Amino acid sequence: MQTIGELQKKVRNASQLRITNSVDESSDELLNMKSYSGVVEYFPEELVITVKAGTLIRDISQTLRKKNQALPFFIEDDEKTIGSLYATAGSDLSDSVLGIQIINGKGDLLNFGGQVMKNVAGYDVSRLLVGSMGRLAVITQISFKVFPEKMAQERRVKIEKKNDHSPLRKQIEKKLKDVFDPYGVFV
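In structure tokens form, the structure reads like this:
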């Protein structure tokens, strides 16, 4: 099991770094997040869970199911890690993110957001990094709001029915990518 300090050291010492979830790969150019897993905090009465990025979605779902709760977003493959889902997901997941902990390109540990919903001014980094493919930062922990099981199922059905491939949506995404093209990325 890796520690935050070990992850930070690897980021600081790497000239190029690629994030992986494969336990077998041990190259200096790879940052294995699967060995950084587990539930950090879970407050069922507050409908909040904080997990390490390498935690399998299946394990999170099992933990939540014990209290008749569930993640409120659509999950196609519960054998993925929550970090890989976060790195490749879209708005249905970002709406559930309360906060994150990241390691930036300098190896600094940073926290954004928290464990409560609130109005904030400025950029919401924890939602901004959803779908960034791990190129802007290494995600180490994520806090999510969770729903009672029945509400989560109803919400998932609505999300599945949405037409995410409309021409208007594609135009909006292209314009956003033109405006928010990052200058510094992890390779």
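Positions in the sequence shown are counted from 1; adding 670 to them yields the working numbering. All residues carry an ideal CB built from backbone N, CA and C; glycine is no exception. Since the model is a prediction, treat every value here as computed from it, not as a measurement.
DSSP state of residue i mapped onto helix, strand, coil
i: ARG735; result: helix
i: THR758; result: helix
i: LEU677; result: helix
i: ILE745; result: coil
i: GLY753; result: helix
i: GLN811; result: strand
i: LYS776; result: coil
i: VAL800; result: coil
i: LEU838; result: helix
Proximal residues to residue i (C-beta, below 8 Å), its chain only, five neighbours per side dropped
i: SER705; result: MET671, GLN672, VAL693, GLY724
i: THR751; result: ASN691, MET703, LYS704, SER707, ALA723, GLY724, THR725, LEU726, ILE727
Cutoff 7 Å; reference residue i; Cβ partners in own chain excluding five residues on either side
i: ASN774; result: LEU780, ALA807
Residue closest to residue i, alpha-carbon to alpha-carbon, out of the options
i: GLU715; options: LEU734, SER707, GLY708; result: LEU734
i: SER754; options: ILE727, VAL767, PHE744, GLY777; result: ILE727
i: ILE745; options: SER685, ILE730, LYS736; result: ILE730
i: SER802; options: SER813, LYS736, ILE689, THR720; result: ILE689
i: LEU701; options: GLY784, ILE809, SER764, ASN738; result: ILE809
i: THR758; options: ARG805, ILE770, THR720, ILE772; result: ARG805
i: VAL710; options: ILE812, VAL800, LYS820; result: ILE812
i: ASP765; options: GLY777, VAL795, LYS722; result: VAL795
i: GLU819; options: MET703, PHE743, ALA684; result: PHE743
i: GLY784; options: LEU838, ILE719, SER761; result: ILE719
DSSP bridge partner residues for residue i (one or two, in chain order)
i: ALA740; result: PHE817
i: LEU806; result: DSSP output for LEU806 lists no bridge partner at all.
i: LYS722; result: GLN811
6 Å CB neighbourhood of residue i in its chain, flanking five on each side removed
i: LEU717; result: LYS815, VAL816
i: SER707; result: LYS722, GLY724, THR725
Chain D contact for residue i (CB, 8 Å cutoff)
i: GLN771; result: This model lacks chain D altogether, as it is built from one protein chain only.
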